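Participant:
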Amino acid sequence: MNKTLLIVLGVLVIIILAAVGSYNGLIGSSQAVDSSWAQVQNVYQRRADLIPNLVQTVQGAANFEKSTIVQVTEARASVGKMTINQNQAPTDAAQLAEFQKAQGQLGTALSRLLMVSENYPDLKASANFRDLQAQLEGTENRITVERGRFNSIVQEYNTKIRSLPTVFFAGFLGFQSRPYFQATAGAESAPSVKFDFGGAAPAAK
0 MNKTLLIVLG
10 VLVIIILAAV
20 GSYNGLIGSS
30 QAVDSSWAQV
40 QNVYQRRADL
50 IPNLVQTVQG
60 AANFEKSTIV
70 QVTEARASVG
80 KMTINQNQAP
90 TDAAQLAEFQ
100 KAQGQLGTAL
110 SRLLMVSENY
120 PDLKASANFR
130 DLQAQLEGTE
140 NRITVERGRF
150 NSIVQEYNTK
160 IRSLPTVFFA
170 GFLGFQSRPY
180 FQATAGAESA
190 PSVKFDFGGA
200 APAAK
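Numbering (numbering that gives the first Met the number 0), first residue to last: 0 to 204.
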């Protein structure tokens, strides 16, 4: 076996080993992204699961502002119509943006409902309502944490597929960059509240 052939074989072995190493690393990073995405889905689902009990509780308050309940119910229904893989993070930025928009609308409706509830002393005094409110607030915090964690893991993955030598194999092996959650426009502003009591006014504090 001549020297040239040995060199060629050596180079091929190096390329194969680099490709295998890159593939294994990308598989691990990709699974980490999907695992983090599943956790994001879990906390959003937890919020959705709390809403029916919350709506039922506030509907029991006399003269409770009706349009706010409708907004929450419709926003939750809109989120439920989203067809997005629960266990695999999106590779399409537009799909993630659509998901984020629907969840943002639901979050805004919930914030408005909790603000309106401040006008109902009897509702605020309800142990059931206080418990649901605390669970929702805790869930919102978890959503923020999990979204931040997801973005960090996606950043690590996206950095890896652009780094040497992985960049030479990522596209060929079918690994694409993943989109991030973006800051929601207007998130820094409190939601506006317009009261609609169907002709009745809330009980005085």
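Cβ coordinates follow ideal geometry from the N, Cα and C atoms, glycine included. As the structure is a computational prediction, the values presented were derived from the model and not from experiment.
Alpha carbon to alpha carbon, how far is Val69 from Val19?
Facilitator: Residue mapping note: residue 69 aligns to position 70 of the sequence shown, counting from 1. Residue mapping note: residue 19 aligns to position 20 of the sequence shown, counting from 1. One C-alpha to the other measures close to 54 Å.
Participant: Within the same chain, show all residues whose beta-carbon is closer than 7 Å to that of Arg146, passing over the 5 residues directly before and after it, in chain order.
Facilitator: Taking the sequence shown and counting its residues from 1, the one referred to as residue 146 is at position 147. Val39, Phe180.
Participant: What separation, rounded to the nearest whole angstrom, lies between the Cα atoms of Phe206 and Asn1?
Facilitator: Past the edges of the chain, shown from 0 to 204, lies residue 206, and the structure says nothing about it.
Participant: Alpha carbon to alpha carbon, how far is Gly106 from Ala31?
Facilitator: Your numbering for residue 106 matches position 107 in the sequence shown. Your numbering for residue 31 matches position 32 in the sequence shown. Cα to Cα, the separation comes out at about 26 Å.
Participant: Give me the Cβ distance between Gly144 and Thr67, rounded to the nearest whole Å; I'm assuming they're in contact under 8 Å.
Facilitator: Looking up residue 144 in the sequence shown gives position 145. Looking up residue 67 in the sequence shown gives position 68. Per the sequence shown, the amino acid found at residue 144 is Val instead of Gly. Rounded, the Cβ-Cβ distance is 27 Å, inconsistent with contact.
Participant: Counting beta carbon pairs with one atom in the segment 71-81 and one in the segment 117-128, are three or more of them shorter than 8 Å?
Facilitator: Verdict: no, contact absent.
Participant: Tell me whether the segment 8-22 and the segment 159-175 touch, counting them as touching only if at least three CB pairs, one residue from each stretch, are closer than 8 Å.
Facilitator: Result yes; three or more Cβ-Cβ pairs closer than 8 Å.
Participant: If you run the structure through DSSP and keep just helix, strand and coil, what is Glu73?
Facilitator: Reading the sequence shown from its first residue, position 74 is the one you call residue 73. Helix.
Participant: Taking the straight line between their C-alpha atoms, what separation do you get for Leu4 and Val10?
Facilitator: Here residue 4 refers to the residue found at position 5 of the sequence shown. Here residue 10 refers to the residue found at position 11 of the sequence shown. Leu4 and Val10: Cα-Cα distance of roughly 10 Å.
Participant: Assess, as a yes-or-no matter, whether the segment 47-64 is touched by the segment 128-140 under the definition of 3 or more beta carbon pairs within less than 8 Å.
Facilitator: Yes, the segment 128-140 is in contact with the segment 47-64.
Participant: In the DSSP assignment, find the unbroken alpha helix (DSSP H) run with Met114 in it and report its ends.
Facilitator: Numbered from its first residue, the sequence shown carries residue 114 at position 115. Taken as a continuous stretch (DSSP letters only), the alpha helix (DSSP H) holding Met114 covers 92-115.
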